[in-house]
Structure formats: structure tokens, C-alpha cells
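*Asks:* Read the sequence shown against numbering that gives the first Met the number 0 and you will find it ends at 505, with the numbers running on by one and no gaps. Backbone N, C-alpha and C define an ideal beta-carbon position, used for all residues, glycine too. All figures in this text were calculated on a predicted structure; none of them were measured in a lab. What follows is a single structure, and I will ask about it in a moment.
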Amino acid sequence: MTTLTRDEAADRPTVPGAGAGEQLMLIDGERMPALAGGTIDVFDPSTGELIGTTPDGQAADVDRAVAVAERTFDERVWQGLSGAARQKILWRAADLIEQHTEELAALESLNNGMVIPMAQALIATAAETIRYYAGWATKLYGITSEISSLEAQYHTYTLREPVGVCALIIPWNAPSTLTVQKVAPALAAGCSVVIKPSEETPFTALRLAELFEQAGVPRGVINVVTGYGESAGATLAAHDKVAKIAFTGSTEVGKSIVKAAADNLKKVTLELGGKSPVIVFDDADIDAAIAGAANAIFMHSGQICAAGSRLYVQRPVFDKVVHGIARIAENLKIGPGSDLTTQIGPIVSQKQLARVLSLISSGIEEGAELVTGGERVHRDGYYVQPTILANPEPGARVIQEEIFGPVLTAIVFDTVDDVVAMANDSTYGLGAAIWTTDISKAHLTAKKLQAGFVWLNCHYVLDNSVPAGGYKQSGWGRELGPEGLDPYLQTKSVFAALTPAPFLNA
Ligand code: NAD
Numbered sequence: 000m001t002t003l004t005r006d007e008a009a010d011r012p013t014v015p016g017a018g019a020g021e022q023l024m025l026i027d028g029e030r031m032p033a034l035a036g037g038t039i040d041v042f043d044p045s046t047g048e049l050i051g052t053t054p055d056g057q058a059a060d061v062d063r064a065v066a067v068a069e070r071t072f073d074e075r076v077w078q079g080l081s082g083a084a085r086q087k088i089l090w091r092a093a094d095l096i097e098q099h100t101e102e103l104a105a106l107e108s109l110n111n112g113m114v115i116p117m118a119q120a121l122i123a124t125a126a127e128t129i130r131y132y133a134g135w136a137t138k139l140y141g142i143t144s145e146i147s148s149l150e151a152q153y154h155t156y157t158l159r160e161p162v163g164v165c166a167l168i169i170p171w172n173a174p175s176t177l178t179v180q181k182v183a184p185a186l187a188a189g190c191s192v193v194i195k196p197s198e199e200t201p202f203t204a205l206r207l208a209e210l211f212e213q214a215g216v217p218r219g220v221i222n223v224v225t226g227y228g229e230s231a232g233a234t235l236a237a238h239d240k241v242a243k244i245a246f247t248g249s250t251e252v253g254k255s256i257v258k259a260a261a262d263n264l265k266k267v268t269l270e271l272g273g274k275s276p277v278i279v280f281d282d283a284d285i286d287a288a289i290a291g292a293a294n295a296i297f298m299h300s301g302q303i304c305a306a307g308s309r310l311y312v313q314r315p316v317f318d319k320v321v322h323g324i325a326r327i328a329e330n331l332k333i334g335p336g337s338d339l340t341t342q343i344g345p346i347v348s349q350k351q352l353a354r355v356l357s358l359i360s361s362g363i364e365e366g367a368e369l370v371t372g373g374e375r376v377h378r379d380g381y382y383v384q385p386t387i388l389a390n391p392e393p394g395a396r397v398i399q400e401e402i403f404g405p406v407l408t409a410i411v412f413d414t415v416d417d418v419v420a421m422a423n424d425s426t427y428g429l430g431a432a433i434w435t436t437d438i439s440k441a442h443l444t445a446k447k448l449q450a451g452f453v454w455l456n457c458h459y460v461l462d463n464s465v466p467a468g469g470y471k472q473s474g475w476g477r478e479l480g481p482e483g484l485d486p487y488l489q490t491k492s493v494f495a496a497l498t499p500a501p502f503l504n505a
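Laid out in C-alpha cells, this is it:
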């Protein structure tokens, strides 16, 4: 069996793009192939070319990684450190990741297709997320309580303790960000983890895990098993030694995770799909609304969970807003994420490209007017024109299903009640945006929307201190902020008798 030691792995060159090629899993601080020897091909979506492989991890590999994580948890090599010691190591990890921004961003862009400036911004944010949760490692307070309902006296307090081994299952659309949003609170809490990155985009999770180890996280506390969802992912979701699953991905797979977690009653948090409405009232700053709505759907080729994919515009300004967004769409520069002049990169995979094109066709067949786009861009790689479909039927698939591509549906409305009813007519409830200059209308409408985030005259604003997550079938629980730490902790209540305690049989 070929393995690289942790030191050998850490010594690899840190040039931009390093980290692709034939990569191995990371278990107990060592790089290793799958026990059965299989590999998965990984592609560059901007060209369709093969850029490397990762091991095709199976149940036996997952068992091995979970056993290592369990051992490090039981031996308390990480959870047993003081909060201050964990904080210091996490800060060091944030610094190291920041120092490797260029390399990590190049790798993310190569593997996922995102434009380099976005990748760099997301790596910088990931470093800040680690620092935010590093601060929490020294603030895991319980409560003390004076027991008033009993005759004897007790000193009573609560401890906030890590839940155990956590499985972190990551999608392809923002691999580094979504890995760090789970690893950072899990480590601040004192948990040990097994990460399962997407089979499409496995490389940055492996590199990030190495950097955490280089910063001082003991080997075996972070393990990365690569593999397909239906094998490696499903085994993790059902594993009886995993105490908690943090999953980001599609709603469909989220439901299967919940079922798989039932046998040992794992704690589960889910960040799932979205179909987020953007509402433009006729009193909005129209130029700002046009630019904001275009950015909300076309950024990262629409492959963002909270993409503003359903646009609702009040009748008097409908044509102006839709044509304004179409003008932006037609002028966006499409190309590889590594080209610094590119504004829209590729779709992540051939499979996803086919799904996006098929949904566009279904929208046109179901009666929507094609305002702009609608075609594959004919060059190597997986590119789709930014597309606008006007006034599809309310039940059309393009209105109901998450497309995860640069495809906007535009619908006219007359009253606040009408638009709230249409915006809430979705199984999803992730984000929503409102564009208006009427402050009361903005806040009153925000209260009526069924969404985990509401943006007023903006979109995609997030912060490490503010919880993020979905209503309805967009998720369970929250990431980021103090709420993002809670699922990695459990509360123990300790009762100490200060005066003789009566026994029930006394
Ligand atoms: P996906 O659900 O297909 O896969 C996500 C991860 O789950 C991958 O690692 C995959 O291998 C794994 N997986 C697949 N089947 C599994 C199974 N049966 N058991 C366990 N694991 C399994 O999602 P995707 O296509 O990679 O990502 C896109 C989706 O992620 C979109 O729906 C998007 O909205 C969602 N997403 C949500 C958020 C959020 O914060 N709400 C953020 C980003 C992406």
C-alpha cells in the first residue's frame, strides 16, 4: 500500500494549482489509497480535461477513518486540550490558510470552475470563519443553578461537551467555504471529524486538512475520505460510531441522510437547496435592483444555494427591469475561472450541464418566453449562456425546481399580497431579497416571507457572526454564528450534594 507520511505531504510544493493530480485520502495523518484500490477521475470544468484522481473510498475506508476519529476523541488528544490551546492552534490554521490563499484559490478554481477573485475572497472568508470559532473555544460556558425545589442543598452546574465523531459531508459548489464552516465549529467544540468532500471537487478539502494538521491539530482528529455519495457518503450517514452529521447538499440527499441517521439517532444538521425569490417593487432604485438581481443569479453561474432564481417585478417596471438584466446577461464575459477577465465560469460537470440545459428546454416547452440566452456555449468545457425565461406557468418545473445554473425566471406582480403568495409557493425557504425605497414595506414584507435570510436592497450578505440556514425543505439548523456551534456540543448537568441527600427509600 502506498502512503505518504504527514511530513512528506506537508513538504509538497505550494505553487498555484498544486494539490491536483493523483491525490490520496488523509486518515490518521497519512495519505492512503482506498483499501479496494479504486480511483475516481476528477475534471477541470473549464476544459473538460482530466486533472487528477482520488481514491474511491468504500465502507471499509469509512470504517477505518471513523475508528481513527473515535480513538482520538476517546483518548482526548484534542478535546482534552484547554480552550486556549485549541484557540491558538485554530488561529495558526487560519494564518496558514491565509498564507496559502493563492494556492488554494487556484486549486478551487481549477477543480470547481469558479472565477479566481471569488475563490480568493472565499478563502479569505474561510480564514475569518476559523478565527471566529477559535474565539468560541474559550467561551464554552455552562450555567450554575441553585436548586430551590429540594430540601437538601446542591451545587449544580452544566458542562458543554463535544458530541463526539462528526461526519461532514460537502457539496461541490463552494468546497472550501462549506468545509471550513463545519470543521471550524466542530474543532472549537472539541470534536473529531471525518470529512467526505464531493467526488467532483475533492482537492481543497484534502489540502485544508493538511494545513490544519500543520498548524498543530493532532493527526487523526481530521480525516478525509474521498468517494461517491452512494457508497462513502451513505456509509458515513448510517455509521453507528458517528454522533453527528453536518450535511450541505441537495434536498433529496438530505432526506436520505435523515433516514440513514435514524438507527443510532445521530444529530443532524442540513443545509439544502433553494429557489430564492427576488422581489422588485416599482418604487425601488431600479438601476441598483437590476444590478443586484443580475448578480444574484449569474454570479458563479447560478451555482449558489441562495441564488436569486425567481425574479418578481411589479408591473409598471417589469419590462425595464427584465431588459436591464438581459443587457447585463448578454455582456457578461464567459470563460475559464483562471482568466482574470472572466465574469462567468463554467458549470461544474457534464452531468450538471445536461440538467441545466434540459430544464431550460422544459421551461420553453411549458410556455415561458425566452428573453435571452438558452444555449450551451460551444467551446471546450461546460458553459451555459446566462438565461432569462419570462412568465412561465406557476407550476412549471423552472419555477419549482432548483436549477443551480445561470437561469432566471421573471414574473410580473401587482400587489404585496400577490407577490408574497407567489414567493412563498415553494417547498424551499432559503433566501429572499426585496428591492424598495419604502422602509415600512421592506420590513413588513420581510416578516411575511418564509425564508432563512431576507436581504433588503442587497443580496448574498453573510457574516461569520450571523446564523445562516433555511426554512421549510431548505434545511435543519443553522451554520455560522453561535447557533453554528451548538450542534457540535451537548449539555451535561452535574448535581453535587452539599448537605446529606435524602434517598427515596429513606
Ligand atoms: P448532492 O446532494 O448531490 O451531494 C452533496 C454531498 O453528498 C456530496 O459529497 C455527495 O457525494 C454526498 N452524497 C450524495 N449521495 C449521498 C448519500 N446517499 N448519502 C450520503 N452522502 C451522499 O449535492 P451537490 O450536487 O454536490 O451540491 C449542490 C446542492 O447543494 C444544491 O442543492 C445546493 O442548493 C446545495 N447547497 C446548499 C447550501 C446551503 O447552505 N443551504 C450551500 C451550498 C449548496
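From residue 51 to residue 226, what does the alpha carbon distance come to, in whole angstroms?
*Replies:* Locating residue 51 in the sequence shown gives position 52, where the first residue counts as 1. Locating residue 226 in the sequence shown gives position 227, where the first residue counts as 1. So the alpha carbons of these two residues sit roughly 14 Å apart.
*Asks:* Using three-state DSSP, classify residue 362 as helix, strand or coil.
*Replies:* Position 363 of the sequence shown, counted from the start, is the residue given in the question as residue 362. In this structure, residue 362 counts as helix in the three-state DSSP scheme.
*Asks:* Residue 421 by DSSP, collapsed to three states: which one?
*Replies:* Sequence index remark: in the sequence shown, residue 421 carries index 422 (1-based). Residue state, collapsed to three classes: helix.
*Asks:* Per DSSP, which residues does residue 246 bridge with? Please list them.
*Replies:* Stepping through the sequence shown from its first residue, residue 246 is reached at position 247. Paired residues: 168, 269.
*Asks:* Can we count residue 114 as close to ligand 1, meaning its CB is less than 6 Å from some heavy atom?
*Replies:* Reading the sequence shown from its first residue, position 115 is the one you call residue 114. Every heavy atom of ligand 1 is 6 Å or more from the Cβ of residue 114, so no.
*Asks:* If you check the beta carbons only, do residue 208 and residue 89 fall under 7 Å apart?
*Replies:* Taking the sequence shown and counting its residues from 1, the one referred to as residue 208 is at position 209. Taking the sequence shown and counting its residues from 1, the one referred to as residue 89 is at position 90. Cβ atoms of residue 208 and residue 89: not closer than 7 Å.
*Asks:* Just to confirm my understanding: we take residue 126, look at its own chain, exclude 5 residues before and 5 after, and list those with CB closer than 7 Å. What are they?
*Replies:* Taking the first residue of the sequence shown as position 1, residue 126 is located at position 127. Excluding sequence neighbours, residue 126 sits near 93, 96, 97.
*Asks:* Are the Cβ atoms of residue 487 and residue 185 separated by less than 7 Å?
*Replies:* Taking the sequence shown and counting its residues from 1, one reaches residue 487 at position 488. Taking the sequence shown and counting its residues from 1, one reaches residue 185 at position 186. Contact flag set, yes.
*Asks:* On the CB-based measure, 16 or more other CB atoms within 10 Å of its CB, does residue 349 come out buried or exposed?
*Replies:* Taking the first residue of the sequence shown as position 1, residue 349 is located at position 350. It is exposed - the Cβ of residue 349 has fewer than 16 other Cβ atoms within 10 Å.
*Asks:* The alpha helix (DSSP H) spanning residue 135 covers which residue range?
*Replies:* If you number the sequence shown from 1, residue 135 lands on position 136. 115–135 is the extent of the alpha helix (DSSP H) around residue 135.
*Asks:* Confirm, please, whether the CB-CB distance from residue 385 to residue 328 is below 7 Å.
*Replies:* In the sequence shown, counting from the first residue as 1, residue 328 sits at position 329. In the sequence shown, counting from the first residue as 1, residue 385 sits at position 386. Yes.
*Asks:* Closer than 6 Å: is that where the CB of residue 172 sits relative to any heavy atom of ligand 1?
*Replies:* The residue labelled residue 172 in the question sits at position 173 within the sequence shown. Yes, ligand 1 has a heavy atom inside 6 Å of this Cβ.
*Asks:* Assuming residue 376 and residue 383 make a contact with CB atoms under 8 Å, what is their CB distance in whole Å?
*Replies:* Here the question's residue 376 lines up with position 377 in the sequence shown. Here the question's residue 383 lines up with position 384 in the sequence shown. Residue 376 to residue 383, Cβ: 7 Å. Contact.
*Asks:* So, helix, strand or coil for residue 311, using DSSP?
*Replies:* Here residue 311 refers to the residue found at position 312 of the sequence shown. It is a strand residue.
*Asks:* Measure the C-alpha to C-alpha separation of residue 499 and residue 142 and round it to an integer number of angstroms.
*Replies:* By one-based count along the sequence shown, residue 499 stands at place 500. By one-based count along the sequence shown, residue 142 stands at place 143. Whole-angstrom Cα-Cα distance: 23 Å.
*Asks:* Would you report the Cα separation of residue 162 and residue 72, rounded to the nearest angstrom?
*Replies:* Within the sequence shown, residue 162 is the residue found at index 163, counting from 1. Within the sequence shown, residue 72 is the residue found at index 73, counting from 1. Rounded to the nearest angstrom, the two C-alpha atoms are 10 Å apart.
*Asks:* Beta-carbon separation of residue 168 and residue 178 under 7 Å?
*Replies:* For the purposes of this step, residue 168 is identified with residue 169 of the sequence shown, where counting begins at 1. For the purposes of this step, residue 178 is identified with residue 179 of the sequence shown, where counting begins at 1. Contact flag unset, no.
*Asks:* Run the proximity test for residue 247: is its beta-carbon closer than 6 Å to any non-hydrogen atom belonging to ligand 1?
*Replies:* Translated into positions along the sequence shown, residue 247 becomes position 248. At least one heavy atom of ligand 1 is nearer than 6 Å to the Cβ of residue 247, so yes.
*Asks:* Using a Cβ-Cβ cut-off of 7 Å (strictly less than) and excluding sequence neighbours within five positions of residue 374, which residues of its own chain qualify?
*Replies:* As a working note, residue 374 is residue 375 in the sequence shown. So the qualifying residues of the chain are 384.
*Asks:* Short check: CB of residue 219 to CB of residue 62, under 7 Å?
*Replies:* By one-based count along the sequence shown, residue 219 stands at place 220. By one-based count along the sequence shown, residue 62 stands at place 63. Result no, Cβ atoms of residue 219 and residue 62 do not sit closer than 7 Å.
*Asks:* Helix, strand or coil, according to DSSP, for residue 342 in the structure here?
*Replies:* Within the sequence shown, numbered from 1, the residue matching residue 342 stands at position 343. In the structure shown, residue 342 sits in coil (DSSP, three-state: anything other than H, G, I, E or B).
*Asks:* Distance, Cα to Cα, residue 407 vs residue 38?
*Replies:* Along the sequence shown, one-based indexing puts residue 407 at 408. Along the sequence shown, one-based indexing puts residue 38 at 39. The alpha-carbon atoms of residue 407 and residue 38 are separated by roughly 37 Å.
*Asks:* In whole angstroms, give me the CA-to-CA distance for residue 245 and residue 390.
*Replies:* By one-based count along the sequence shown, residue 245 stands at place 246. By one-based count along the sequence shown, residue 390 stands at place 391. Those two C-alpha atoms are separated by around 37 Å.
*Asks:* Grab the span of the alpha helix (DSSP H) containing residue 213 for me, first residue to last.
*Replies:* The residue labelled residue 213 in the question sits at position 214 within the sequence shown. Unbroken alpha helix (DSSP H) run through residue 213: 202–214.
*Asks:* Let me check you understand the geometry: is the CB of residue 457 closer than 6 Å to at least one non-hydrogen atom of ligand 1?
*Replies:* The sequence position of residue 457 within the sequence shown is 458, counting from 1. No, ligand 1 has no heavy atom inside 6 Å of this Cβ.
*Asks:* Taking just the CA atoms, how far does residue 452 sit from residue 309?
*Replies:* As a position in the sequence shown, residue 309 is number 310, starting the count at 1. As a position in the sequence shown, residue 452 is number 453, starting the count at 1. Distance between the alpha carbons of residue 309 and residue 452: 15 Å.
*Asks:* What would DSSP say about residue 196, mapped onto helix, strand or coil?
*Replies:* The residue labelled residue 196 in the question sits at position 197 within the sequence shown. Reduced to three states, the DSSP call for residue 196 is coil.
*Asks:* Using a Cβ-Cβ cut-off of 8 Å (strictly less than) and excluding sequence neighbours within five positions of residue 193, which residues of its own chain qualify?
*Replies:* Translated into positions along the sequence shown, residue 193 becomes position 194. The residues are 61, 64, 65, 68, 164, 165, 166, 167, 222, 223, 224, 235, 241.
*Asks:* For residue 8, count neighbouring Cβ atoms within 10 angstroms of its own Cβ and tell me buried if that reaches 16, exposed if not.
*Replies:* Counting from 1 along the sequence shown, the entry for residue 8 is found at position 9. In this predicted model, residue 8 has a pLDDT of only 39, less than 50, meaning its place in the structure is not dependable enough to derive any value.
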